[in-house]
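Comments concern the structure below.
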Amino acid sequence: MELAIFILTSLVAIVAALLVILQRNPIASVMYLVTTFVAQAILFIQLRAAFIAILQVIVYAGAIMVLFLFVIMLLNLRREDFGKDIKLRFKPLAIAFAMVLLIETLVVINASLVPAQPGADLSATFGSVQGVGKELFTTYLYPFELTSVLLIVAILGAVVMAKKKL
Amino acid sequence: MPDLRPMLPELFLFAWAIVVLLFGISRKERSGDSLIYLTLVGLVITGILVPIAGYGNLFGGTFVVDKFAAFFQIVFLLAAFFAVASSHELMKKLSADRGEFFALILLSTTGMMLLASTLELITLYVSLELTTIPLFVLAAYRKDQLGSSEAGLKYLILGAVSSAILLYGISLVYGLTGTTFLQPAMSRLIEQSVPMLLASGNVNMALVMAIVMMVAGFGFKLALVPFHMWAPDVYEGAPTPITSFLSVASKGAGVVAIARVFYTALPAFHDVHWGTLVAVLAAAAMIVGNITAVLQSNIKRMLAFSSIAHAGYVMVGFVALPQGSIVPPYGPASLLFYMMAYLFANMGAFACVIAFEKNYGSYQIKDYQGLSKNSPGLAIIMTLFLLSLAGIPPLAGFMAKYYVFLAGWQQFPWLVIVGLLTSVIALFYYANIIMQMYFSRGETSLTKAHYDRPLILTLILTAVGTVAVGIYPEPILRFATEAVKVFPF
Numbered sequence: 022m023e024l025a026i027f028i029l030t031s032l033v034a035i036v037a038a039l040l041v042i043l044q045r046n047p048i049a050s051v052m053y054l055v056t057t058f059v060a061q062a063i064l065f066i067q068l069r070a071a072f073i074a075i076l077q078v079i080v081y082a083g084a085i086m087v088l089f090l091f092v093i094m095l096l097n098l099r100r101e102d103f104g105k106d107i108k109l110r111f112k113p114l115a116i117a118f119a120m121v122l123l124i125e126t127l128v129v130i131n132a133s134l135v136p137a138q139p140g141a142d143l144s145a146t147f148g149s150v151q152g153v154g155k156e157l158f159t160t161y162l163y164p165f166e167l168t169s170v171l172l173i174v175a176i177l178g179a180v181v182m183a184k185k186k187l
Numbered sequence: 456m457p458d459l460r461p462m463l464p465e466l467f468l469f470a471w472a473i474v475v476l477l478f479g480i481s482r483k484e485r486s487g488d489s490l491i492y493l494t495l496v497g498l499v500i501t502g503i504l505v506p507i508a509g510y511g512n513l514f515g516g517t518f519v520v521d522k523f524a525a526f527f528q529i530v531f532l533l534a535a536f537f538a539v540a541s542s543h544e545l546m547k548k549l550s551a552d553r554g555e556f557f558a559l560i561l562l563s564t565t566g567m568m569l570l571a572s573t574l575e576l577i578t579l580y581v582s583l584e585l586t587t588i589p590l591f592v593l594a595a596y597r598k599d600q601l602g603s604s605e606a607g608l609k610y611l612i613l614g615a616v617s618s619a620i621l622l623y624g625i626s627l628v629y630g631l632t633g634t635t636f637l638q639p640a641m642s643r644l645i646e647q648s649v650p651m652l653l654a655s656g657n658v659n660m661a662l663v664m665a666i667v668m669m670v671a672g673f674g675f676k677l678a679l680v681p682f683h684m685w686a687p688d689v690y691e692g693a694p695t696p697i698t699s700f701l702s703v704a705s706k707g708a709g710v711v712a713i714a715r716v717f718y719t720a721l722p723a724f725h726d727v728h729w730g731t732l733v734a735v736l737a738a739a740a741m742i743v744g745n746i747t748a749v750l751q752s753n754i755k756r757m758l759a760f761s762s763i764a765h766a767g768y769v770m771v772g773f774v775a776l777p778q779g780s781i782v783p784p785y786g787p788a789s790l791l792f793y794m795m796a797y798l799f800a801n802m803g804a805f806a807c808v809i810a811f812e813k814n815y816g817s818y819q820i821k822d823y824q825g826l827s828k829n830s831p832g833l834a835i836i837m838t839l840f841l842l843s844l845a846g847i848p849p850l851a852g853f854m855a856k857y858y859v860f861l862a863g864w865q866q867f868p869w870l871v872i873v874g875l876l877t878s879v880i881a882l883f884y885y886a887n888i889i890m891q892m893y894f895s896r897g898e899t900s901l902t903k904a905h906y907d908r909p910l911i912l913t914l915i916l917t918a919v920g921t922v923a924v925g926i927y928p929e930p931i932l933r934f935a936t937e938a939v940k941v942f943p944f
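Residue numbers (the working numbering), protein chains in the order written: chain V, 22 to 187; chain X, 456 to 944.
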């Protein structure tokens, strides 16, 4: 049963991911991207990573996709803008490199397949909301606080760049 | 509440960035002079705070200040100092957002200082972003110039891609070890995690993937070949003080990060997994950087390619690790020394470019003709920096190259030979500018050249640094040797 769900969800994720880049209409691309994210969330649940699955839905499928849609709406693309083929100068080279990377990844995955030991060395709360929260505010308190500085920098930079009057 | 004393310089610099920002907003003045001096004062105080704060370990190892961190903190502060001091001319061209400009430089410097002082991968990543995000904005700061916007956008996109690749490598390391803390025990954890692979051929594929991803990610920051494509366009388009800051401080940030990760956690895999890989990239950087630099007609592009080549020389020092009975003289200390020597010469050369652009309004190498007649002082000082970059004794650049090559000789003699041969090519294009300045007859300019005070300060300090480090390298070399003792080899 679990295997059947896994195969089904992975197929959905891969097909939707392909459709993201094969669609001309950016709105349709974004919708397929949402599908990919939801399928990934289900895969995370199968890995017993419920917290990451929830984050995946809330942050990616929710917040980030809304941002994408807003940007596309603000760009106000017309239908004729979708039609143009992107000319890639190094298309054969790009495909060759992508294939090399794909084969490399497959070799690595194949070589790294180790009989899984479920739950080895992991505490019961690993990956749960409680576990992540505790780590975040104890071990990783400092990088967590540092991200707030990062946010200030990003806001400052965005304001400087977006300001009309120079 | 932990004792935050070791963190004092970073906290102060962050607070000072906010002060500069508010000062810039509250006072609308025309020149921006007081902002430059305010920023410089902040950088000097931070520099004084570095030895006062001392060494220490905070937040369970996510924040660690040791000698290695302190060395690079000084490098970053000096780079920021010179970049700020040479941006007077830029301030005159900007009509607004001056406070933000300096605040972003200070915030980026804070990020670099934090990057130097961590032994934890997530913190390393966050500080690296804190370093680069302000630089994206700074590269695009001349919104009225197309080239500057192009530079910012290119840097942003490639920076984001390289961060993603780096993160993938980091996640693989976490997967192999189960910890994000860089520690000598990481090597053992990696060996345990996939034991059967070590029996077959001694190459751990997942580790290879992790190393390749991380080298690529840091390689982008360092502008190593083949991850250098962004550098010439960004260096050319960005405002020149930012270009100089990018070429030294951003490169230094890459060096700090790659040294922390590879020296602390992965020295055991140097032989089989990453030594030769990085050596090949270093050779490629020296060859491509130096040969392409010869072909350039724009001095900013030429210095961009020369900085790619210098990334290659730095990496020669990087791969010279002690292995078993082989203990290369100087070893990784040569890497630190090279950064210091490169800092003075390169920041100085860019300050000369700014001074030339201010008076003669050009970035073309052919316009340097006859500079020795129009501004003899500038010509002499520019010659000094170019000779140091080329590696002519007794200047800092020579000592740096000497130590780096000596360190690399035992393990990678072919790499040192490539380095020596490409140095000859480098001498050709550096000497070309000197020839233009001294032996070509150019138009005699009637107006007397004018330099502003902070720029003169930069030129003098970098020139003194270039000569002093070359003639008396012992103190810096000794500190560098002490600094690399924090690593477990």
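Cβ atoms here follow ideal geometry from the backbone N, Cα and C, with glycine treated the same way.
So for residue i, helix, strand or coil by DSSP?
i, result
"X:F760", "helix"
"V:A137", "Unreliable placement is indicated for V:A137, whose pLDDT of 49 sits below 50; no coordinate value is reported for it."
"X:N753", "strand"
"X:G656", "At X:G656, the pLDDT of 49 sits below 50, so the modelled position is not reliable; the number obtained from the coordinates is stated separately. DSSP places X:G656 in coil when its eight states are reduced to three."
"X:G602", "helix"
"X:Q824", "coil"
"X:Q778", "strand"
"V:Q44", "coil"
"X:F467", "helix"
"X:Q819", "strand"
"X:L569", "helix"
"X:F556", "helix"
"X:F867", "coil"
"X:F518", "strand"
"X:L861", "helix"
"V:F111", "coil"
Determine the direct distance from the alpha carbon of residue j to that of residue i, and round the result to whole angstroms.
i, j, result
"X:S789", "X:E812", "34 Å"
"X:L826", "X:A886", "14 Å"
"X:G624", "X:F894", "52 Å"
"X:L653", "X:E646", "Bear in mind that the predicted position of X:L653 carries a pLDDT of just 48, short of 50, making it unreliable; the figure below should be weighed with that in mind. Their backbone Cα atoms lie some 7 Å apart in a straight line."
"X:V508", "X:F531", "At residue 508 of chain X the sequence reads Ala, which differs from the Val that was named. One C-alpha to the other measures close to 17 Å."
"V:L118", "V:L40", "The question names Leu, yet the displayed sequence has Phe at residue 118 of chain V. Computed Cα separation, rounded: 21 Å."
"X:S563", "X:T573", "16 Å"
"X:V782", "X:L776", "7 Å"
"X:L583", "X:S617", "11 Å"
"X:S550", "X:H728", "52 Å"
"V:V153", "X:L608", "35 Å"
"X:F805", "X:G566", "23 Å"
"X:V475", "X:F682", "35 Å"
"V:V36", "X:A671", "29 Å"
"V:I73", "V:E125", "27 Å"
Using a Cβ-Cβ cut-off of 8 Å, state whether residue i counts as contacting chain X.
i, result
"V:M120", "no"
"V:G178", "yes"
"V:Y81", "no"
"V:A60", "no"
"V:A175", "yes"
"V:S169", "no"
"V:T30", "no"
"V:L123", "no"
"V:Y163", "yes"
"V:V129", "yes"
"V:V181", "yes"
Is there a Cβ of chain V sitting closer than 8 Å to that of residue i, yes or no?
i, result
"X:F478", "no"
"X:G515", "yes"
"X:V689", "no"
"X:F675", "no"
"X:F469", "yes"
The alpha helix (DSSP H) spanning residue i covers which residue range?
i, result
"X:N814", "788–815"
"X:A839", "At residue 839 of chain X the sequence reads Leu, which differs from the Ala that was named. Where X:L839 is concerned, the enclosing alpha helix (DSSP H) stretches over 831–845."
"X:G707", "706–720"
"X:D488", "488–508"
"X:H543", "543–548"
Is any heavy atom in the ligand FAD found nearer than 7 Å to the beta carbon of residue i?
i, result
"X:T747", "This structure simply doesn't include the ligand FAD, nor any ligand for that matter."
Between which two residues does the beta strand (DSSP E) holding residue i run?
i, result
"V:G152", "First-last for V:G152: 150–158, but that is the alpha helix (DSSP H), not the beta strand (DSSP E)."
"X:G511", "511–513"
Runs of alpha helix (DSSP H) lying entirely within the segment 657–700 of chain X, each at least 4 residues, in chain order: For secondary structure counted as the alpha helix (DSSP H) over 4 or more consecutive residues, the segment 657–700 of chain X holds these complete runs in sequence order: 660–677, 685–692, 695–700.
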